[in-house]
Ligand SMILES: *[C@@H]1O[C@H](CO)[C@@H](O)[C@H](O)[C@H]1NC(C)=O
Ligand SMILES: *[C@@H]1O[C@H](CO)[C@@H](O)[C@H](O)[C@H]1NC(C)=O
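Residue numbers (full-length UniProt numbering): 1 to 628.
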């Protein structure tokens, strides 16, 4: 077999997000953000004053201030008493409200014991002749009878009685109770109609809002359901666990529904150049193989000519270059007649199809590639990445084993298997594989960086720092070493030194030719300044700079959204979250971005629809204090 894995990639300027596999490298954007949020103790940022937390699953939900209070430092004496007063007042109000609610319901229960045989006969025509007082009395009687019918599960009768009560005297409770009957009968449209009438009369009627939300959910109007649950949660101060859980569930449903639409509309599109570089450069650079190199006489109308064109375009490391490469690899296989290079062409087409987010098609190409040329172990490695992204870690492990049987001395195998271990949290195994990869070939910077990060994760801070100090010496012209060194320093709250490293990386990216497109050091610096000096303005500026260099960088967009959100610039934040959803590559990432976007949008809608709640949100925000 001819020599395998001829992938030409310049060794310089290569980037990799150490927090994940290169296979899913910038899938880390939300990880990074939630990690950042959780590590900033304050766990919370605020949407128009309501605390929002990122759960481990990356889902946003709203949190009551009582929860926040336990997490923040003890307030000063003066503040405490003020806080307490505020709390006591709130509690008293809540108790009053709760009582009122039970009275409403109990009054119905009590009256239900009254005999119901002498029910007044009313209809639209006769009711006009009754006095105000009589109508009121009739309504109460009819409602009581309705409740009794409801209690004995005679829902149609209850519906009739509530209807008559409404004719006598429209009352939100009567509508809501009738909606409860329709609810039992699964007549969701009618539930929506009656609860809407109730809410029109009392916009803070939590029970009606919850009931309507449930009906909307059955009607698969998830956005509407989400809006109602959000309003109800804000009204009752996020005190109802069931409603909070429902809120999260709806948010997920809305996000999944919308992300399907986005995915369908998206078509084939490469992710940002930063992402593509991350992935491509996680493999050791190889020269063009003999027969494809510059000296070979190849026409662009031939498969081999297109294959070479693809490699050369890829080496430009620009967005346009990557697009050109993707097209050339596709064309190479269309033209065919690739001889020994067919497996390689399949490998490269799969690489770009995978980057475009089409895992099944890529898998198909890789299967053919390994069948044609098992010695091209890179196809096994890439297939392993794919399996991992599809959640199949056993298949990924099998592919590494297969790769080893074909070429046990390929350092890329161990590097990528180490990434698998790293993702699965198997740090000792990861460290072993990184070391093996280094032993086989010391020249690949990412094995060193990742080894350092892994040591750090294992708690060996001193070894990690030693690894980085050594790497800085050996690879002094690679910006990434400084970037990741900076990340570790930042993690240790060593802000000044971290920023120094990020600055160095930024400067080196700028000086490199062609100019580096890796914007991670800029974003890291933004996060460092934010943590250190709470300097939102400078953090925003740095993200904007990153977006000028790589407008499609999802990490920059996501970070920008969070920055805006934290400052209460909700509408602007929403735009960035939506953009992040557009840029996301996989369904999981899209769902994540949309969850943020929808949570934000819903908050805005609630404030528009229920202006009186906007004030409540604001006061909750005030209660939360400086947040960050
Ligand atoms: C909480 O909300 C659910 C609906 O989301 C409702 O069924 C339940 O009665 C509420 N609990 C309280 C204590 O209000
Ligand atoms: C490709 O091979 C894998 C085994 O690694 C198998 O699970 C998968 O079904 C195959 N896919 C196609 C499209 O042939």
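Note that the Cβ used here is the ideal one computed from N, Cα and C, for glycine as well.
Whole-angstrom distance between residue 525 and residue 541, CA atom to CA atom: 11 angstroms
Buried or exposed (CB count within 10 angstroms, at least 16 for buried), residue 276: buried
Uninterrupted alpha helix (DSSP H) stretches inside the stretch 302-381 (no shorter than 4 residues): 303-315, 319-335, 342-355 and 359-372
Residue 383: CB within 7 angstroms of a non-hydrogen atom of ligand 2: yes
Cβ neighbours of residue 166 in the same chain (closer than 7 angstroms, five flanking residues each side left out): 174 and 175
Neighbour-count burial assignment, residue 609, 16 or more Cβ in a 10 Å radius: exposed
Contact under 8 angstroms by Cβ, residue 188 with residue 226: no
The stretch 257-269 in contact with the stretch 577-597 per 3-pair CB rule at 8 angstroms: yes
CB contact flag (residue 529, residue 539, <8 angstroms): yes
Contact set for residue 146: own chain, Cβ-Cβ below 7 angstroms, skip 5 residues either direction: 158, 161, 162, 165 and 177
Cβ-based neighbour list, residue 194, same chain, cut-off 6 angstroms, excluding 5 preceding and 5 following: 175, 178 and 179
Own chain partners of residue 441 with C-beta closer than 6 angstroms, once the 5 adjacent residues on each side are dropped: 411
Option in 140, 128, 320 and 587 with minimal Cα separation from residue 389: 587
Presumed contact (8 angstroms Cβ cut-off) between residue 168 and residue 206, rounded CB distance: 25 angstroms between Cβ atoms; not a contact.
For residue 537, the three-state DSSP class (helix, strand or coil): helix
Coarse secondary structure for residue 517, derived from DSSP in three states: coil
Nearest-angstrom Cβ-Cβ length linking residue 386 and residue 366, presumed shorter than 8 angstroms: 7 angstroms
heavy atom of ligand 2 below 7 angstroms from residue 363 C-beta: yes
Straight-line Cα distance separating residue 244 from residue 62: In this predicted model, residue 62 has a pLDDT of only 39, less than 50, meaning its place in the structure is not dependable; the value taken from the coordinates is given anyway. Looking at the two C-alpha atoms, the distance is approximately 8 angstroms.
The alpha helix (DSSP H) enclosing residue 228, as first and last residue numbers: 222-235
Nearest to residue 196 (by Cα), restricted to the options 544, 228 and 223: 228
Rounded separation between residue 457 and residue 278 - CA only: 21 angstroms
Extent of the continuous alpha helix (DSSP H) run through residue 553: Residue 553 -> no alpha helix (DSSP H), and no H or E assigned at all.
Residue 176 beta carbon near ligand 1 (any heavy atom closer than 7 angstroms): no
Distance, residue 560 Cα to residue 470 Cα: 34 angstroms
Residue 510 (DSSP reduced to helix, strand or coil): helix
Secondary structure of residue 578, DSSP reduced to three states: helix
Same chain, Cβ closer than 6 angstroms to residue 612, five either side skipped, listed in chain order: none
Cβ pair count under 8 angstroms reaching 3, the stretch 319-330 against the stretch 351-362: yes
Reduced DSSP category for residue 212 - H, G, I as helix; E, B as strand; rest coil: helix
Contact test: residue 395 Cβ vs ligand 2 heavy atom, cutoff 7 angstroms: yes
Through-space distance from residue 575 to residue 334, alpha-carbon basis: 40 angstroms
In chain order, each alpha helix (DSSP H) run of at least 4 residues that lies wholly inside the stretch 385-455: 393-406, 411-423 and 427-440
Contacts around residue 200, its chain only, beta-carbon distance under 7 angstroms, and the 5 residues preceding and following it disregarded: none
Assigned secondary structure, residue 297 (DSSP; H/G/I helix, E/B strand, else coil): coil
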